[in-house]
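Encoded structure:
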């Protein structure tokens, strides 16, 4: 992802000029120390200004919102409000249900503060990387009870935790170490507990417009995970795009500058389109 940040800056990033952002850091949306968000609001914003919620990765059990600073630094100069959230990380006792509750609490706070901050109350766009992509997709498809998420974008996010065909390319030790943390169920292929289906965005009942971005040589989350999701979205005629980054790793590193430029431009177009 750091590699992509350099490409974003070199190829697309525009100077902020007179545009100034109001910054609110480590704003608590719940009592836990991890239930914090950073809010970056552009000057001269209106209730029509796009707003993107960033969800960090880290294998569900690690990571911090600072990992999304490269996306903040890319999108703010485009005139886009940014909300960058932390959430309670997965443990043997805490799984995706609690993380979904945290994301919902963060969205609730945005709605409560919308008038005070002068921001929109609907048509939010999610961006998530790696495990954050999975969480963004899962929330948008299954837990957006207010229907305020208009689109979701994912970079290298798992989509179908019960698809043994694509996951066969992942080290068994990685699957055994990570997936039970997010689902709360043991990894017992070929007969997996129902929790793996329930925690999979691909089985979500309410797909949203989706931009999937994935490294073609991703050694951590096989690109087939995004390909499955894209096929399902197309079958249901949900607006969707899949960008496979040639030779790209898990964060897109190793791909071509042209591919990174195309991805960045497509991401901005998606945000603008689904914020209208």
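Residue numbers (mature numbering (1 follows the signal peptide of the UniProt record, and there is no 0)): -18 to -1, 1 to 258. Where is the CB? At the ideal position from N, CA and C, for every residue including glycine.
Problem set entry | Buried/exposed call for residue 153, threshold 16 Cβ in 10 Å | exposed
Exercise. Excluding five sequence neighbours on each side, which residues of the same chain lie with their C-beta closer than 7 Å to the C-beta of residue 174?
Worked result: 144, listed in sequence order.
For this session: Compute the Euclidean distance between the alpha carbons of residue -9 and residue 135, then round it to the nearest angstrom.
Result: With a pLDDT of 44 at residue -9, under the threshold of 50, the modelled position of that residue is not reliable, and the figure given next carries that caveat. If you take the alpha carbons of residue -9 and residue 135, they lie about 22 Å apart.
For this session: Measure the C-alpha to C-alpha separation of residue 251 and residue 140 and round it to an integer number of angstroms.
Result: 23 Å
For this session: Can you grab the Cα-Cα spacing for the pair residue 93 / residue 67, in whole Å?
Result: 15 Å
Exercise. What is the rounded straight-line gap between the Cα of residue 71 and the Cα of residue 254?
Worked result: Residue 71 and residue 254: Cα-Cα distance of roughly 31 Å.
For this session: Using three-state DSSP, classify residue -10 as helix, strand or coil.
Result: Any reading at residue -10 needs caution, since the residue's pLDDT is 44, under 50, leaving its predicted position unreliable; the model's value is listed next. Helix, per DSSP.
For this session: Kindly indicate the opening and closing residues of the alpha helix (DSSP H) around residue 95.
Result: 78 to 99
Exercise. So, do the stretch 222 to 236 and the stretch 186 to 206 have three or more beta carbon pairs nearer to each other than 8 Å?
Worked result: Yes, the stretch 222 to 236 touches the stretch 186 to 206.
Exercise. For residue 167, which option in 73, 115 and 125 has the closest C-alpha, if you only look at C-alpha atoms?
Worked result: 73
For this session: Look up residue 163 in the DSSP assignment and say whether it is helix, strand or coil.
Result: helix
Exercise. For residue 63, is the classification buried or exposed, using 16 other Cβ atoms within 10 angstroms of its Cβ as the cut-off for buried?
Worked result: buried
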